[in-house]
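**Q** Per the numbering used here, residue 65 is the first one in the sequence shown, and the count goes up by one each step.
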Amino acid sequence: MKKGDKVEKLFVFASDRNKTSAFKFCRSALTEDLKTVYNGHLLAFTNVTVDLRTGEQLPHDKKHFLTSAIPVPYEKNSDCPEEFRQFVIDAYGEEYLPLIRALTSMYLDPTSPNGYFTHIIGPSGSGKGTLLRFWQSMFAEENVRSLNSFKELGNPEGRHQHLHQFPML
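1) Compare the Cα-Cα distances from T168 to each of G186, D154 and R149 and report the closest residue.
2) What is the rounded straight-line gap between the Cα of P137 and the Cα of F109?
3) Alpha carbon to alpha carbon, what distance is there between L106 and L163?
4) By the three-class DSSP mapping on this structure, what secondary structure does V234 have?
5) Among residues of its own chain, excluding the 5 on either side of H224, which ones have a beta-carbon nearer than 8 Å to its beta-carbon?
6) Quick one: Cα of F214 to Cα of F89, how far?
7) Need the endpoints of the beta strand (DSSP E) that V152 sits in, please.
8) Tell me which residues share the same chain as N82 and place their Cβ nearer than 7 Å to its Cβ, disregarding the 5 neighbours each side in the sequence.
9) Just the C-alpha distance for K127 and S188, rounded to the nearest angstrom, thanks.
10) Report yes if the C-beta distance between I184 and L196 is below 9 Å; otherwise report no.
11) Helix, strand or coil for F203, going by three-state DSSP, please let me know.
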């Protein structure tokens, strides 16, 4: 490039190739390899983290990258609390106890292959809200979604937005 009587060489460092290379370096140096961070089989409680594949109890560890925990201590092979059992029997009937236990298990176990969500219909004061609040209490608020209409699930994008990575709908 000529400026007056002097000739200056112009160096262009911001070529597309150089920018791409710099961004790739930053990504590799500053981020955790997300392919190695798989924690969908881990469920944190107040006292331990449970590996749902094996039932093994692990101490809490920041390397698990868990951002929420069920706010009660884990007790292996414990019975259904009598208060909850009685609530289900009073509100829904004893015949629905196995179904509600299965649904609760489905929500707790992210490795569960069930592709279902719960839709409860009934009169006001019948226990719908109590059961839903119980399920919601097991998850951090950012892991819970609600729908205004089933139309929101009417296309692939809507299903992905509402169902992907959210254990509680």
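The beta carbon of each residue, even a glycine, is placed where N, CA and C say it ideally should be.
The model shown is predicted, which means the values in this text are computed figures rather than measured ones.
**A** So, from the listed chains and residues:
1) It is R149 whose Cα lies nearest to the Cα of T168.
2) Answer to the nearest angstrom: the Cα atoms are 6 Å apart.
3) C-alpha of L163 to C-alpha of L106: approximately 24 Å in a straight line.
4) Since the displayed the chain opens at 65 and closes at 233, residue 234 lies outside it and no answer follows.
5) Excluding positions up to five away in sequence, the list is empty.
6) When rounded, the distance between both Cα atoms is 44 Å.
7) Unbroken run through V152 is the alpha helix (DSSP H), E146 to Y156; no beta strand (DSSP E).
8) Cβ neighbours of N82 beyond the five flanking positions: none.
9) C-alpha separation (whole angstroms): 45 Å.
10) Contact flag set, yes.
11) F203 sits in coil when the DSSP states are folded into three classes, being neither helix nor strand.
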